[in-house]
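Counting from 831, one number per residue, gives the positions in the sequence shown under the working numbering. Ideal Cβ placement from N, Cα and C applies to all residues, glycine included. Working notes for the structure below.
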Amino acid sequence: MDLGRARYVVSAAGRATRAALRRGLPATDAVALATELRRLLPAFEAAAQAEQLWLEARAVERFGRSPLAFYSGDGLEMLSHPLIAARRAERLAQLNVVLADLTCGIGGDLAALAATGQRTVGSDQDRIAVTLAAANVPRACVVRADAARPPVDLERAAIVIDPARREGSRRIFDPEQFNPPWSTVMGLAGRALAAAVKTAPGIDHAAIPAGVEAEFVQVGRVLREATLWIGAGARPGMRRAVHLPSGATLDSAMMEVHGIAPLVEAFVLDPESCVTRAGLVRQLAAQAGARLLDERVAYLTCDVAPPTTPLAAPFRVLEVLPFSLARLRARLRQAGWRPVEIRRRAFPIEPDSLRRQLGSIDGAPVTLLCTTLGGRRVVIVGQPIAANVQGNRQ
831 MDLGRARYVV SAAGRATRAA LRRGLPATDA VALATELRRL LPAFEAAAQA
881 EQLWLEARAV ERFGRSPLAF YSGDGLEMLS HPLIAARRAE RLAQLNVVLA
931 DLTCGIGGDL AALAATGQRT VGSDQDRIAV TLAAANVPRA CVVRADAARP
981 PVDLERAAIV IDPARREGSR RIFDPEQFNP PWSTVMGLAG RALAAAVKTA
1031 PGIDHAAIPA GVEAEFVQVG RVLREATLWI GAGARPGMRR AVHLPSGATL
1081 DSAMMEVHGI APLVEAFVLD PESCVTRAGL VRQLAAQAGA RLLDERVAYL
1131 TCDVAPPTTP LAAPFRVLEV LPFSLARLRA RLRQAGWRPV EIRRRAFPIE
1181 PDSLRRQLGS IDGAPVTLLC TTLGGRRVVI VGQPIAANVQ GNRQ
């Protein structure tokens, strides 16, 4: 998208044209959509409207709905999940100060901040992003500015900052190569009254400063992002796992379990990614009345049915087998078990590869939990107890 196209789509004429477009257009195919629209519109308008309709369809596919009115390709890639943005905004709004998104992009987090009713400011260096954000969030004051020179008094504001981690199609892994660089981001966060720094969930723990509250957020089965909380309202050193839409949380202040189970008991739990990434497997074990199977493996086990939690997938253990491909294949066929899901932790074979090697097997559906316990590779044949997560398939 270029600036001219952005200005057109947010204009009165662009909005009216989009509203008048007939339904049933092939919005999942950008080329076919543009071809169809050229029969109705001049080439420039057709291309601009086709891009918006296609990006809107991608937003719906990704989030279940379209959270904004106007998109750019880069903006959609950086967009926070609406559930995460709303949770973050609600926490910052409790401080009752100016809320500012210093890297607002096309306005995903900015819209959530403005929805709280607090005075809201958004800024971005990119002219296209600022044009779209101003149209997407008319209640906010949106300006073009470098995050390193914020348009608000940081000491009186609660800020959101999301450094860009891509350059074109290339993903950037070195935090100092982010835009703004990680050192600049941490400096801004430290000067603000309060700050929420959005980053990738796979961020190196060494890049997280001591004394920062770190929150790892999952939506359904997908670990979406990490938020670092700094300043007012933050709990220094706290680590937290958050699951949405259930709202379930676990944090490092909770009781944890020590000790290893001597054997696999009647039930096994597989913690969700937000729990393992936050380093809270022992806290989950305490909550579930379970123990670890191995110091280096996140699987938990217990002898009574664990309480339902969206933070772990529970399985009834049917059998535990020392790993041998031939033995596993033979036992599955003998028992009439069909592996519909294969999970692994500390196991060298990828699930898709193991599935191909096992071949086609008919029978009752089971899950294979492949792991290494005490240096031995084993496969736990399990039966899911129940759907463990509200909205798990999102």
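Query, Result
"At which residues does the beta strand (DSSP E) containing ILE1038 begin and terminate?", "Element bounds for ILE1038: n/a, residue is neither H nor E."
"If you follow the beta strand (DSSP E) that LEU1110 is part of, which residue opens it and which one closes it?", "Premise fails: LEU1110 is in no beta strand (DSSP E) and is neither H nor E."
"Please name the residue, chosen from ALA1096, ALA988, ASP956 and GLU1055, that lies closest to THR950 on a Cα-to-Cα basis.", "ALA988"
"Quick check: PRO912 and SER953, are their CB atoms within less than 7 Å of each other?", "no"
"Is the CB of ILE1033 under 7 Å away from at least one CB in chain B?", "Absent from the structure is chain B; it holds one protein chain and no more."
"Spatial neighbours of ARG1126 within its chain, please: C-beta separation below 7 Å, excluding the five flanking residues on both sides.", "ALA1176"
"What is the residue span of the alpha helix (DSSP H) that TYR838 lies within?", "833-840"
"Could you say which of THR1079, ALA977 and LEU1162 lies nearest to PRO1140 if we only look at CA atoms?", "THR1079"
"Count the other CB atoms, across all protein chains shown, that sit within 10 Å of the CB of ALA849; report buried if there are 16 or more and exposed otherwise.", "exposed"
"Less than 7 Å between the beta carbons of VAL1087 and VAL1047, yes or no?", "no"
"Taking just the CA atoms, how far does TRP884 sit from LEU870?", "17 Å"
"What are the partner residues of ASN1009, as DSSP defines its beta bridges?", "ALA994"
"Going by DSSP in three states, ALA1030 sits in which element: helix, strand or coil?", "coil"
"Rounded to a whole number of angstroms, what is the C-alpha to C-alpha distance between PRO1181 and ALA941?", "40 Å"
"With a threshold of 16 other CB atoms inside 10 Å of the CB of VAL1196, please say whether the residue is buried or exposed.", "buried"
"When the distance is taken between beta carbons, is VAL973 closer than 7 Å to ALA963?", "no"
"Whole angstroms is fine: what's the gap from LEU867's alpha carbon to ALA873's?", "8 Å"
"Where do the N-terminal and C-terminal ends of the beta strand (DSSP E) with GLU1055 fall, by residue?", "1052-1061"
"Closer than 8 Å is the cut-off here; do at least three beta carbon pairs connect the region 1049-1069 with the region 900-909?", "no"
"Note down the Cα distance separating GLU907 from LEU1151, rounded to an integer number of angstroms.", "43 Å"
"Can you check which of these residues, LEU833, GLN1117, ALA1143 and VAL1049, is closest to ARG892 by C-alpha distance?", "VAL1049"
"Alpha carbon to alpha carbon, how far is ALA864 from GLY844?", "15 Å"
"Can you tell which of ASP859, ASN966 and GLU881 has its C-alpha closest to the C-alpha of VAL840?", "ASN966"
"DSSP three-state label for PRO981, please.", "coil"
"Mind reading off the beta-carbon distance from LEU1114 to ARG1069? Whole number of angstroms is fine, and I expect it under 8 Å.", "That belief does not hold up - the Cβ atoms of LEU1114 and ARG1069 are roughly 12 Å apart, past 8 Å."
"Would the region 1155-1171 count as touching the region 1120-1138 if we require 3 or more Cβ pairs under 8 Å?", "no"
"Under the three-state reduction of DSSP, which class applies to MET908: helix, strand or coil?", "helix"
"What would DSSP say about VAL1015, mapped onto helix, strand or coil?", "helix"
"Specify, as a first and last residue, the run of the alpha helix (DSSP H) that THR946 falls within.", "Where THR946 is concerned, there is no enclosing alpha helix (DSSP H), given that its DSSP letter is neither H nor E."
"Give every residue of the same chain whose Cβ lies closer than 8 Å to the Cβ of ALA1142, excluding the five residues on either side of it in the sequence, and list them in chain order.", "LEU1099, ASP1100, PRO1101, GLU1102, VAL1105, LEU1114, ALA1118, LEU1130, PRO1136 and ASN1218"
"Pick out whichever of MET1016, ALA1024 and ILE1191 has its Cα sitting closest to the Cα of ALA1040.", "MET1016"
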